[in-house]
Amino acid sequence: MIVLGIDPGLERLGWAVTTEERGTPRAMAFGCFLTQRTAAVEERLALLQEHVRSVIALHRPEVMAVEKLLFQKNVKTAIVVAQARGVVLAAAAEAGLGLVEQTPNAIKLAVTGYGAADKKQVQRMVQVLYRLAEPPRSDDAADALAIAFAGHAAATMLRRTGGGRGTLRA
C-alpha cells in the first residue's frame, strides 16, 4: 500500500510518499512545498492543490494521511491551516483516495511511543524507521513522514477489520 502523508500549511506544506517492503517502512519521496507570502491566499491555495495533485498523479497512493487540525491559540494561523487542509482533502477526494486523519498526539505515539514527543524525537525516529542516512532537512517533511507512518498503520488496521478504503479519524 502506498500512503501519501501531508503536514498541511499555507506557507509550507510537508509531504511524503511511503510504502512498506517486507514489514519495513520505505520512504519513496518526500519534501516541502513552499508558497510566497506576498501572493494572494487563493493563489497560494491553488498552487498547493496543484502540487498535491501532481504528487498523487506521479506516485498513485491508495491512502492519504493528514494531521487533524486541533484548536490553536492563534486563530489566524488555524484559519490558514484549515484552508490548506481543505484543498488537500479536496485533492484526495478527487483522486478517490482513502483518508486517515489523526491527531498530532496519536501520530507522535505511533512514531515514538510517546504522545508528547518533541520535534527532535520525531525527526530521529523518522530517520530510524525509514533508515534514512540523515534526518529530513525540513521539519514539515519529517512531520509528513511521521504522518504517513501512522497513517499506514491505521489504514492497515482499518483494512484488516473490514473498513476498506473509508475514512478513519483518530
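Mapped onto numbering that gives the first Met the number 0, the consecutive letters of the sequence shown carry residue numbers 0 to 169. From the three backbone atoms N, C-alpha and C, an ideal C-beta is built for every residue, glycine too. Quantities reported herein were computed from a predicted structural model and do not represent experimental measurements.
At which residues does the beta strand (DSSP E) containing Thr37 begin and terminate?
Premise fails: Thr37 is in no beta strand (DSSP E) and is neither H nor E.
Spatially closest choice to Leu3 from Leu44, Ala45 and His50, by CA coordinates
His50
What does DSSP give as the partner residues of Leu3 in its beta bridges?
Val16 and Met63
Out of Arg52, Ile78 and Lys119, state which residue places its alpha-carbon closest to the alpha-carbon of Asp138.
Lys119
Rounded to whole angstroms, how far is the Cβ of Gly8 from the Cβ of Ala140, which I believe are closer than 8 Å?
With a Cβ gap of about 12 Å, Gly8 and Ala140 do not count as contacting.
Are there three or more Cβ pairs, one per stretch, closer than 8 Å when the region 82 to 102 is compared with the region 58 to 71?
yes
Within the same chain, show all residues whose beta-carbon is closer than 6 Å to that of Gly114, passing over the 5 residues directly before and after it, in chain order.
Asn104, Lys107 and Leu108
Considering only their Cβ atoms, is the gap separating Arg43 from Thr186 smaller than 7 Å?
No statement about residue 186 is possible, as the shown extent of the chain runs from 0 to 169 and does not include it.
In whole angstroms, give me the CA-to-CA distance for Lys72 and Ile78.
11 Å
Mapping DSSP to helix, strand and coil, what is Thr111?
helix
To the nearest angstrom, how far is the alpha carbon of Glu19 from that of Leu47?
26 Å
7 Å Cβ cutoff met for Ala143 and Trp14:
yes
Using CA coordinates, which residue listed in Phe32, Ile1 and Ala149 is at the minimum distance from Ala45?
Phe32
According to DSSP, simplified to helix, strand and coil, what is Arg52?
helix
Counterpart residues of Thr155 in DSSP-defined beta bridges:
Note: Thr155 sits in no beta bridge, so no partner.
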